[in-house]
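Just so we're aligned, residue 1 is where the sequence shown starts under full-length UniProt numbering, counting upward by one. Backbone N, C-alpha and C fix where the C-beta goes; we use that ideal spot for every residue, glycine too.
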Amino acid sequence: MSGSLVGVESIKAHLRLLATFKRLRQRVESSPSESLPDVAQFLDGPQRWAWFVGLAVERFQRWLKHVKWTEFATWVVNDIPPLDVLMMWHSYMLNPIWYAEDCDRIPALRTLQSLSAHFMPAVLLIAQMLIADFMQYEPCEQRGLSWFEKTNTPFDPFHSMKVLLHRTVRCPGCGRSNDVAFLDQDGIGYLQRNFCFICVCSLDITKSALALEKFANDLVTNHRYNVVEPEKSLAGTLHTPAKGRDWLRAVNAKGNLLGTPGGPFRPGISIYLIFIHRPYSRIMNAYADDRPFSIDLAAAVLRQGTFIDSMDDLGWTAPGFFDDEINEALLTHALARYHAFLDLLSIAPNAFYVPTLDIDIVWHTHQLTGSKYLEECKELVGWYVDHDDKVEETHLTQGLDETCKIWQQRFGLPYMHCGCPLPDAPRSSKFSLRRRPSSTKDADTALEPLSHPGAAAATHASEHDAVQMSATQMPPVKQHELEHRHQQRAQELRRRRERDGKRVLDGKMDEELYRRGFAHISSSSMPVPGAAVQARPDASERWAAPCVVSFPGAFGTTGVGTCVAGIKNVGIA
Numbered sequence: 001m002s003g004s005l006v007g008v009e010s011i012k013a014h015l016r017l018l019a020t021f022k023r024l025r026q027r028v029e030s031s032p033s034e035s036l037p038d039v040a041q042f043l044d045g046p047q048r049w050a051w052f053v054g055l056a057v058e059r060f061q062r063w064l065k066h067v068k069w070t071e072f073a074t075w076v077v078n079d080i081p082p083l084d085v086l087m088m089w090h091s092y093m094l095n096p097i098w099y100a101e102d103c104d105r106i107p108a109l110r111t112l113q114s115l116s117a118h119f120m121p122a123v124l125l126i127a128q129m130l131i132a133d134f135m136q137y138e139p140c141e142q143r144g145l146s147w148f149e150k151t152n153t154p155f156d157p158f159h160s161m162k163v164l165l166h167r168t169v170r171c172p173g174c175g176r177s178n179d180v181a182f183l184d185q186d187g188i189g190y191l192q193r194n195f196c197f198i199c200v201c202s203l204d205i206t207k208s209a210l211a212l213e214k215f216a217n218d219l220v221t222n223h224r225y226n227v228v229e230p231e232k233s234l235a236g237t238l239h240t241p242a243k244g245r246d247w248l249r250a251v252n253a254k255g256n257l258l259g260t261p262g263g264p265f266r267p268g269i270s271i272y273l274i275f276i277h278r279p280y281s282r283i284m285n286a287y288a289d290d291r292p293f294s295i296d297l298a299a300a301v302l303r304q305g306t307f308i309d310s311m312d313d314l315g316w317t318a319p320g321f322f323d324d325e326i327n328e329a330l331l332t333h334a335l336a337r338y339h340a341f342l343d344l345l346s347i348a349p350n351a352f353y354v355p356t357l358d359i360d361i362v363w364h365t366h367q368l369t370g371s372k373y374l375e376e377c378k379e380l381v382g383w384y385v386d387h388d389d390k391v392e393e394t395h396l397t398q399g400l401d402e403t404c405k406i407w408q409q410r411f412g413l414p415y416m417h418c419g420c421p422l423p424d425a426p427r428s429s430k431f432s433l434r435r436r437p438s439s440t441k442d443a444d445t446a447l448e449p450l451s452h453p454g455a456a457a458a459t460h461a462s463e464h465d466a467v468q469m470s471a472t473q474m475p476p477v478k479q480h481e482l483e484h485r486h487q488q489r490a491q492e493l494r495r496r497r498e499r500d501g502k503r504v505l506d507g508k509m510d511e512e513l514y515r516r517g518f519a520h521i522s523s524s525s526m527p528v529p530g531a532a533v534q535a536r537p538d539a540s541e542r543w544a545a546p547c548v549v550s551f552p553g554a555f556g557t558t559g560v561g562t563c564v565a566g567i568k569n570v571g572i573a
């Protein structure tokens, strides 16, 4: 394959979209209290944003029920969704294997998959039409009326948040449809941590009850071994990095859980032992509520906020920043590094890779091309490269070190130039790596650090928000283990800083590079013992949408929201 996988103009348009998402967040967080429904007026800024995002998920789901495929020219005029719904779609596509599988498994999402190719062209077109701000986009009168008829909400998300107060929830016990509030004074609304609604049949409807019904329905749906029926598979079993549609794997997953028809009784402990294995934890992670989606879209959007802030801190979302050719060179350099990142994936697929900020924005933009992204990954890398922004902290730090070492071996250059202390050069590698052949000298030259003053900061590891369990959810032994790991990591990074200080004195390291390290010590790369363990949520959290991402059977799991790529153990025995 020749040419760039992603165009520079597409990256620019994507960055402008991210800037708009940030302005949307700022406007929501600073909205006057009188512009909000009574029940939402006491929310603080971040809580307002979490609530707004929860409403956007509802609007996204309603929109999906009426999505129809049309040619791009017609779709972008008549059917492009509002900004908040576009934001949901954006985050969904940044989970490419989950997105592809859901679009395959869930009939209501299949049209969305066919429209994925419209996403980036639409962003590009709007960027060209609205030079100042994406938020200036307004639909024609007919489009606004059509949206209201289909979703029963105004097109403008700020008008919608004033009237979208309830959603319909089906009782898992009696099947009755109930209108439940999104927010409740007692903290038991649908978007709140302690959601609970008592049905007339006396069943307490909770997220766990809704998730269990969703899982049970998928599990017992009758299927045929010799006929591929994606809609009858469990979430997390059909698509893998190795195979786009693995029906045999999906069938075996169900069989392992259901057992042999007419076979001996299976005690609960035997079922539990199946679920604690990682492949089945992945399955259960997809069953968190009654939504059709296999990921928590609200949490995904909230985590994206930190990445957007990082792009903003670099200055990359500033209007007109990349109109200057000198600044545009940053994107050209990022493209070259992203291509090299994929090269690493192809030669050492079992590693656990962590991208830098510049690589990550190109990677995200590539993912927004939908099925084209997966097809190109399969052709170039040999497997479907997933994008995971919820990573166990120990895996993250090990993965970043491993990425630095493999990059250095492959290209003869440091992976990061931001000043973070890099791992020692490996004496040997568990991967059979060779330096690139001399014919790729020009390509390797493109990877050399730029002299641009903002280039170094862009090579810092890409970090999203922490998604960690609270202290009340973590047993003492796990807390102690986590703190011990933090202490070990902190000691190792102090050792590296001392090593680099000696290198500066010996004239083997640039002093400015060393000084930059002080500004690039993050919570994930230089952890503070105990910092990852959150205190008990205070009373105000009863208002907030759930921002802690966890899943059944993963007691004690701690994650750091950081993008990674790598083959994971996805086999199901």
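Can residue i and residue j be called in contact, C-beta distance under 8 angstroms?
i                 : j                 : result
glutamate 101     : serine 294        : yes
tryptophan 69     : leucine 124       : no
phenylalanine 352 : histidine 387     : no
glutamate 328     : valine 8          : yes
histidine 223     : lysine 214        : no
valine 180        : phenylalanine 158 : no
glutamate 34      : proline 46        : no
arginine 515      : methionine 509    : no
Leaving aside the five residues before and after residue i along the sequence, list all residues of the same chain whose C-beta is less than 6 angstroms from its C-beta, in chain order.
i             : result
alanine 209   : Pro172
serine 523    : The predicted model places serine 523 with a pLDDT of 41, which falls under 50 and marks its position as unreliable; any figure quoted below should be read in that light. Excluding residues within five positions, none has a Cβ falling inside 6 angstroms.
alanine 298   : Val53, Gly54, Val57 and Ala545
arginine 170  : Ser177
histidine 417 : Pro449, Ala456 and Thr459
leucine 368   : Met93, Phe119 and Met120
alanine 211   : Tyr287, Ala288 and Asp289
aspartate 75  : First, the residue type needs correcting, since residue 75 is tryptophan and not aspartate in the sequence shown. Taken in chain order, the residues that qualify are His118.
arginine 291  : none
valine 39     : Leu183
valine 528    : Residue placement at valine 528 is poorly supported in this model, since its pLDDT is 34, which falls under 50; the coordinates still yield a value, given next. Within the same chain, valine 528 has no close Cβ partners at all.
histidine 239 : Ile97, Ala100 and Glu101
What are the boundary residues of the alpha helix (DSSP H) that residue i is part of?
i             : result
histidine 66  : Per DSSP, histidine 66 belongs to no alpha helix (DSSP H) and is neither H nor E.
histidine 90  : 83–93
tyrosine 373  : 371–380
glutamate 325 : 325–347
histidine 366 : 357–367
leucine 422   : Run containing leucine 422: none; DSSP gives neither H nor E here.
proline 157   : 157–163
proline 121   : 110–129
lysine 254    : 247–258
glutamate 511 : 511–516
Could you check where the beta strand (DSSP E) with residue i kicks off and where it finishes?
i            : result
arginine 167 : 166–170
aspartate 79 : Looking at the DSSP string, aspartate 79 is not in any beta strand (DSSP E), and its letter there is neither H nor E.
valine 180   : 177–181
Does DSSP classify residue i as helix, strand or coil?
i                 : result
serine 31         : coil
alanine 461       : strand
aspartate 386     : coil
aspartate 102     : helix
threonine 151     : helix
aspartate 312     : helix
aspartate 38      : helix
isoleucine 97     : helix
tyrosine 280      : helix
phenylalanine 352 : coil
isoleucine 205    : strand
isoleucine 295    : coil
leucine 15        : helix
isoleucine 188    : coil
With a threshold of 8 angstroms on Cβ separation, who are the neighbours of residue i within its own chain once the five nearest residues in sequence on each side are excluded?
i             : result
serine 462    : Phe307, Ser310, Val354, Pro355, Thr356, Leu357, Ile359, Asp360, Thr562 and Cys563
alanine 425   : Lys405 and Gln408
glycine 382   : Ser346 and Pro349
threonine 365 : Val6, Ser10, Ile11, His14 and Met120
Could you name the residues of the same chain whose beta carbon sits closer than 7 angstroms to that of residue i, not counting the 5 residues immediately before and after it, in chain order?
i            : result
arginine 27  : none
leucine 86   : none
leucine 112  : Leu64, Val67 and Cys103
leucine 234  : Asp218, Leu219, Ala250, Ala253, Lys254 and Ile283
glycine 144  : Phe155
tyrosine 384 : Ile97, Pro241, Gly244, Leu374, Cys377 and Lys378
With a threshold of 8 angstroms between beta-carbons, can residue i be considered close to chain B, or not?
i          : result
serine 371 : Looking for chain B here will not work: only one protein chain is present.
query = Does the stretch 62–80 come close enough to the stretch 146–157 to have 3 or more Cβ pairs within less than 8 angstroms?
reply = yes
Just checking, does the stretch 83–100 make contact with the stretch 335–343 on the three C-beta pairs under 8 angstroms criterion? Counting Cβ pairs under 8 angstroms, fewer than three are found: no touch.
Tell me, please, whether the stretch 240–254 touches the stretch 376–391 by the rule of three or more beta-carbon pairs shorter than 8 angstroms.
yes
- Query: Are three or more beta carbon pairs between the stretch 11–26 and the stretch 314–332 nearer than 8 angstroms?
  - Reply: Touching, yes.
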